[in-house]
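K.L.:
The sequence shown begins at 1 in full-length UniProt numbering and counts up by one.
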Amino acid sequence: MKVSKAISERRSVRKFKSDPVSEEDLNKILEAARWAPSAGNAQPVELVVLKEKDQKEELVKASLGQAFLAEAPIDIVVCANVPRTKKRYGERGSEMYVYHDTAAAAQNIHLMALALGYGTCWVGAFDDEAVEEVINAPDNIEPHVIIPVGKPAESPNPPRKRSLDEIVHEDGF
Ligand SMILES: Cc1cc2nc3c(=O)[nH]c(=O)nc-3n(C[C@H](O)[C@H](O)[C@H](O)COP(=O)(O)O)c2cc1C
1 MKVSKAISER RSVRKFKSDP VSEEDLNKIL EAARWAPSAG NAQPVELVVL KEKDQKEELV
61 KASLGQAFLA EAPIDIVVCA NVPRTKKRYG ERGSEMYVYH DTAAAAQNIH LMALALGYGT
121 CWVGAFDDEA VEEVINAPDN IEPHVIIPVG KPAESPNPPR KRSLDEIVHE DGF
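1. Looking only at C-alpha atoms, which of M112, R34 and A42 sits nearest to Y89?
2. For D25, which of helix, strand or coil comes out of DSSP?
3. With C-beta atoms as the reference, is P143 less than 8 Å away from T85?
4. Closest to K2 by C-alpha separation, out of D139, L114 and G172, would be which residue?
5. Measuring only from the beta carbon, is G124 closer than 7 Å to any heavy atom that is part of ligand 1?
6. Taking the alpha-carbon positions, what's the V134 to L59 distance?
7. Quick check: is any heavy atom of ligand 1 less than 7 Å from the C-beta of R162?
8. I'd like to know if the region 142–162 and the region 63–83 are in contact, where contact means that at least 3 CB-CB pairs between them fall below 8 Å.
9. Using the Cβ count rule (16 or more neighbours within 10 Å means buried), how would you classify D128?
10. List the whole-angstrom C-beta distance separating F68 from F126, where the pair is believed to meet the contact cut-off of C-beta under 8 Å.
11. To test your reading of the DSSP string, which unbroken beta strand (DSSP E) runs of 3 or more residues are found completely within the region 42–78?
12. Quick check: is any heavy atom of ligand 1 less than 7 Å from the C-beta of Q66?
13. For T120, which residues does DSSP report across the bridge?
14. At which residues does the alpha helix (DSSP H) containing R84 begin and terminate?
15. Please confirm whether V13 and G119 have their CB atoms less than 8 Å apart.
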């Protein structure tokens, strides 16, 4: 699939079939995250793959009841290993770059999953501490994004996006 097609056809999918994600496909999806850019190539991204029903149910509770996290066959928790970036960039690293890095990895996951025929959704509304508990995170790890991955059971219409006229500012604001 062409990158341009993946970018324009990606939608947030919140209904999933129970079909599994093959190990081969999962590996390609995780590899896509590995190749994302990161500040200074510090590579703070760590990925937790959850498949067990009990753990997925705990994620639902940790994310204000977003039940589709338990419907999807897998959830990927995209985390930042903050000290990897902080030791080089200080506060700018821990307060900004690590979020850029996990976001870049997350977007790669969405696009690769789509190219392989899976649906995904970016989930950022969750209780940090509750998610840390589910994934047994050590102190240096922050969960930033949860991504359910599975065969889509819905085809959402494109949401309205602001036009280029609205968001592009030639020669500054
Ligand atoms: C930072 C961020 C946090 C988000 N958190 C959630 C979430 O917790 N639950 C959810 O259902 N969707 C969440 N979304 C998905 C957005 O609602 C979705 O991207 C937006 O409505 C546009 O739709 P599209 O992804 O189909 O283009 C989040 C997206 C981003 C970028």
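Idealized CB from N, CA, C, for every residue including glycine. The model shown is predicted, which means the values in this text are computed figures rather than measured ones.
P.N.:
Short version:
1. A42
2. helix
3. no
4. L114
5. yes
6. 7 Å
7. no
8. yes
9. exposed
10. Their Cβ separation, rounded to whole angstroms, is 13 Å, which puts F68 and F126 out of contact at 8 Å.
11. 45–50
12. yes
13. S12 and V149
14. V82 to R92
15. yes
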